[in-house]
Amino acid sequence: MKIVRRNTASGPQLAVVDDRGDLVDLPGERDLIPLLDGRLTAVAEAALRDRATVTAEADAELLAPLDPPTFRDFSTFPEHTAGIVKLFDPAATVAPEFYEIPTFYFSNPYAITGPTADVPVPPNSVAFDFELEVAAVVGRTGRDLTVDEAADHLAGYLVLNDFSARDVQFHEMTLKLGPAKGKDTATALGQYFVTADELAPRASGSSFDLRMEVRVNGKLVGSDRLDHMAWTFPALAAYASRGTEIRPGDLLGSGTCQGGCLAELWGRHGRDFHAPLAPGDVVETSVELLGGTRNRVVDGVKAHPIEPFTAQS
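Once you know that position 190 of the sequence shown is 190 in the UniProt record's numbering, the rest is easy, because the numbers rise by one and skip nothing.
Dropping the structure here:
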């Protein structure tokens with residue numbers, strides 16, 4: 001099933017998408033995460049029987065389906081990595097460590113935004129970018145999971161667009177930390193949370209046989225397939241749980257697919273291949289079965305100056 005969260009006068013409201021594409025409210029339910037304990041199916045089926053409140057999707061203001069407590073963003077698409085490393089060294093190739101661990105960084109859950117929300121340019125950034133991804137949503141708490149065990153801890157999936165200030169990101173990563181502020185302004189989630197059972201018939205190789213596309217101002221910029229991941233989502237969950245816990249609502253991003261961001265395309269084709277995002281640009285992502293995002297870039301704010309402390313003699 002597909003679950004959305006829409007905005008109402010009294011706050012967020014969860015709804016299930018029916019066979020006609022209409023949104024049927026889950027009465028009294030405003031937060032997806034508490035329903036991931038196994039109650040979601042029963043609550044949604046009851047709502048579909050009663051149909052107390054039904055809204056056309058076109059008439060709804062859709063929000064991010066959930067507010068995740070944590071967001072780990074991985075790197076799993078080797079062809080994406082093969083392109084982006086050429087930004088720094090044209091002769092570079094994918095490092096062997098890529099196939100040793102499914103590496104990730106922690107991103108900012110406060111930066112989560114909706115599928116159609118405006119996205120501001122980060123302070124002082126002149127190299128603003130997008131990243132087309134899919135994220136798994138953890139449904140059960142687990143610790144030190146095997147890959148097989150981790151598969152049962154994934155409740156569903158959604159589209160993710162990790163907006164990135166590349167100039168800020170690459171500057172801070174010269175210190176061998178980050179990315180941090182380069183990823184701190186906006187991460188757009190697709191309109192649908194799609195339960196894991198819906199994707200099972202499309203299982204293929206490492207993942208699912210789903211086409212992924214990203215457009216800027218209506219023009220296709222990049223595309224790939226989700227089953228080109230080199231690591232499975234259960235492997236990501238197992239690694240995330242190593243020595244710690246994963247909990248309901250945690251997001252596990254796939255990382256950017258091939259052709260899914262400008263930085264990779266700059267690495268392959270040069271900086272003139274496509275201009276960075278600017279106010280007025282509209283970025284649209286789509287993934288089969290999962291929906292997508294459509295966000296307009298708007299002006300941001302100027303950064304306040306910050307200076308290091310210098311002791312006075």
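Ideal Cβ placement from N, Cα and C applies to all residues, glycine included.
Tell me the DSSP secondary structure of residue i in three-state form.
{"i": "V298", "result": "strand"}
{"i": "T41", "result": "helix"}
{"i": "I306", "result": "coil"}
{"i": "D162", "result": "strand"}
{"i": "Q13", "result": "strand"}
{"i": "R143", "result": "strand"}
{"i": "G182", "result": "helix"}
{"i": "F170", "result": "helix"}
Would residue i pass as a contact of residue j if the rule is Cβ separation under 7 Å?
{"i": "E79", "j": "Q258", "result": "yes"}
{"i": "A252", "j": "A263", "result": "The residue you asked about is not Ala; residue 252 is Leu in the sequence shown. It is not a contact, given that the beta carbons lie outside the stated cut-off."}
{"i": "S241", "j": "G139", "result": "no"}
{"i": "R51", "j": "V24", "result": "yes"}
{"i": "A196", "j": "T76", "result": "no"}
{"i": "G291", "j": "G260", "result": "no"}
{"i": "G249", "j": "P69", "result": "yes"}
{"i": "F128", "j": "A165", "result": "yes"}
{"i": "G83", "j": "R268", "result": "yes"}
With respect to the alpha helix (DSSP H) encompassing residue i, which residues constitute its N-terminal and C-terminal limits?
{"i": "Y239", "result": "233 to 240"}
{"i": "D148", "result": "147 to 151"}
{"i": "L199", "result": "196 to 199"}
{"i": "E264", "result": "262 to 269"}
What residue from the options has the CA that sits closest to residue i's CA?
{"i": "R296", "options": "V121, F273, T76", "result": "V121"}
{"i": "G156", "options": "D167, S164, V137", "result": "V137"}
{"i": "A135", "options": "A275, A47, A92, Y192", "result": "Y192"}
{"i": "T285", "options": "D148, F163, E29", "result": "F163"}
{"i": "A151", "options": "V94, P96, F233, T113", "result": "F233"}
By the DSSP assignment, the beta strand (DSSP E) with residue i in it spans what residues?
{"i": "G253", "result": "251 to 253"}
{"i": "E284", "result": "282 to 287"}
{"i": "G222", "result": "219 to 225"}
| Where are the alpha helix (DSSP H) runs, 4 residues long or more, that stay fully inside the region 70 to 105, in chain order? | Taken in chain order, the unbroken stretches of alpha helix (DSSP H) that lie wholly in the region 70 to 105 and span 4 residues or more are 78 to 84.
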